[in-house]
Amino acid sequence: MSGARSRPLMEGNTPDGTGPMHVPFGHIVANEKWRGSQLAQGMQGKIKLVFEDGLTPVDFYLSSRSCILYITEADLVAGNGYRKRLVRVRNSSKLQGIVVVEKTQMSEQYFAAVQKFTVLDLGMVLLPVASQTEASCLIIQLVQEQTKEPSKNPFLRKKRALISEPALLRTVQQIPGVGKVKAPLLLQRFPSIQQLSNASIQELEPVVGQSVAQHIHAFFTQSR
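Be aware that the sequence shown starts at 1, since it is given in the UniProt record's numbering, and climbs by one per residue.
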């Protein structure tokens, strides 16, 4: 694992840390705060890490256009401070942000809120992990996916591209409380009307929130 700081990597980066970053093939540019962490150690020997100061709000750059925002268990328990970082990257037209969240027994109660904010409010990709060890495996996989064309990369495809049947999408949009934003999210989790109609409120809630989950459940149970 490379511990060197390479100043040329930062060329072209904007003062707020949301500009493009030159990342050599097979490398990850990591925020200095991750040096010596379990997450960094998990990538050792599998991918080359270059540590940089001043990467706020980004934790890891996978490529010149793609980055990871990592939300730890402690971040979730501490409150909503992580939201500012997400918004900054979301508002940057230069970066594709992937949000990785530690979903543990301690942070599980906060997960629905971060999922709603990230996926529904910001429209960003969210990937839950159980630990930093699991996260290191996921990040290595993401770097390997970067070598593929964007259209073949499941992490970078636009969510709507996953919907193969426009009629199915329109049908789900008609359910009270769903609409155009939540329909694609529901079909990602429940790819057919049959699966959606059999889903419990508990299964629906992480995707659309408690209120809409109750609407969907009532819609299908009343129509039976």
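Don't be surprised by glycine CBs; every beta carbon is placed ideally from N, CA and C. The model shown is predicted, which means the values in this text are computed figures rather than measured ones.
| Asked | Found |
| --- | --- |
| If contacts are defined as beta-carbon pairs under 8 Å, then Leu-120 and Val-99 qualify, I think. What distance do you get, rounded to the angstrom? | So it is not a contact: roughly 13 Å between Cβ atoms. |
| Roughly how many angstroms separate the alpha carbons of Ser-131 and Gln-41, rounded to a whole number? | 13 Å |
| Which runs of the alpha helix (DSSP H) spanning at least 4 residues fall entirely within the segment 37-83, listed in chain order? | 38-43, 73-78 |
| What are the boundary residues of the alpha helix (DSSP H) that includes Glu-203? | 201-208 |
| Please list, in chain order, all residues of the same chain as Gln-115 whose beta carbon is under 7 Å from its beta carbon, the five residues on each side excluded. | Leu-126, Pro-206 |
| Would you report the Cα separation of Met-43 and Leu-49, rounded to the nearest angstrom? | 8 Å |
| If I follow the unbroken alpha helix (DSSP H) through Pro-184, where does it start and stop? | 179-189 |
| Helix, strand or coil for Gln-141? Go by DSSP, reduced to three states. | helix |
| Quick one, which of Gln-144, Ala-74, Thr-104 has its alpha-carbon nearest Pro-128's? | Thr-104 |
| Taking Ser-192 as the reference, which of Gly-177, Leu-169, Gln-214, Ala-113 has the closest Cα? | Leu-169 |
| Between Gln-188, Ile-175, Ala-78, which lies nearest to Phe-111 when the distance is taken from Cα to Cα? | Ala-78 |
| Relative to the C-alpha of Ala-30, which residue among Gln-174, Gln-202, Val-143, Asp-75 is closest? | Val-143 |
| By DSSP's criteria, Val-125 is part of a beta bridge. Which residues make up the other side? | Ile-98 |
| Let me check one thing: in DSSP terms, what residues is His-217 bridge-paired to? | In DSSP, His-217 forms no bridge with anything. |
| Starting from the C-beta of Leu-185, find all residues in its chain whose C-beta is less than 8 Å away, skip the five residues before and the five after it, and write them out in chain order. | Val-119, Leu-120, Lys-159, Val-207, Val-208 |
| What first and last residue would you give for the beta strand (DSSP E) that runs through residue 235? | Here the chain covers residues 1 to 224 and nothing more, so residue 235 does not appear. |
| Going by beta-carbon coordinates alone, are Tyr-61 and Ile-71 separated by less than 7 Å? | no |
| Mind checking Arg-224: buried by the 16 CB within 10 Å criterion, or exposed? | Note that Arg-224 has pLDDT 45, beneath the 50 cutoff, so the model's placement of it is unreliable and no number is given. |
| On the CB-based measure, 16 or more other CB atoms within 10 Å of its CB, does Phe-25 come out buried or exposed? | exposed |
| Less than 7 Å between the beta carbons of Arg-88 and Pro-57, yes or no? | yes |
| Give the C-beta separation of Ile-47 and Ile-175 to the nearest angstrom, bearing in mind that I take them to be a contact with Cβ-Cβ under 8 Å. | With 8 Å as the limit, Ile-47 and Ile-175 do not qualify as a contact, their Cβ atoms being about 43 Å apart. |
| Would you say Ser-66 and Gln-109 are within 7 Å of each other, going by their C-beta atoms? | no |
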